[in-house]
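Participant:
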Amino acid sequence: MLRIRLQRFGTKNEPTYRLVVAEQSIRRDGRFVEVLGNYNPRARGQTPPLSINVERVEHWIKLGAQPSDTAKSLVKRARGLAATPAKA
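Numbering-wise (the working numbering), the sequence shown opens with residue 1 and increments by one.
(1) Take the Cβ of R27 as the centre, count every other Cβ of all protein chains shown within 10 Å, and call the residue buried at 16 or more, exposed below.
(2) Does the beta-carbon of P89 have 16 or more other beta-carbons within 10 angstroms, so that it is buried, or is it exposed?
(3) One question on the structure: do V20 and F9 come within less than 7 Å of each other, judged by their Cβ atoms?
(4) May I ask you to report which of helix, strand or coil DSSP gives T11?
(5) Do G90 and N53 have their C-beta atoms within less than 7 Å of each other?
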């Protein structure tokens, strides 16, 4: 079964994550089918902490991929960011 989940990368004590589509049985940082976005929980300043291609996420969900709980909450947050206009 395909899962939409987070893949950790970055350095020690400075994690960043990729939102990926991967087979459920593959290890966390193993092979993946497609990268759907990035999440940096420690982002400061100009760099946006969350960048997700919501259209591709919806595409994979329609094909039967199951999002993890964390991925589901990040996608919900990304939809909210896309709906809100940017402040000047």
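For every residue, glycine included, the Cβ atom is placed at its ideal position computed from N, Cα and C.
Facilitator: According to the data block:
(1) exposed
(2) An answer regarding residue 89 cannot be provided, because it is not within the stretch 1 to 88 covered by the chain.
(3) no
(4) strand
(5) Only positions 1 to 88 of the chain appear in this structure, which leaves residue 90 out of reach.
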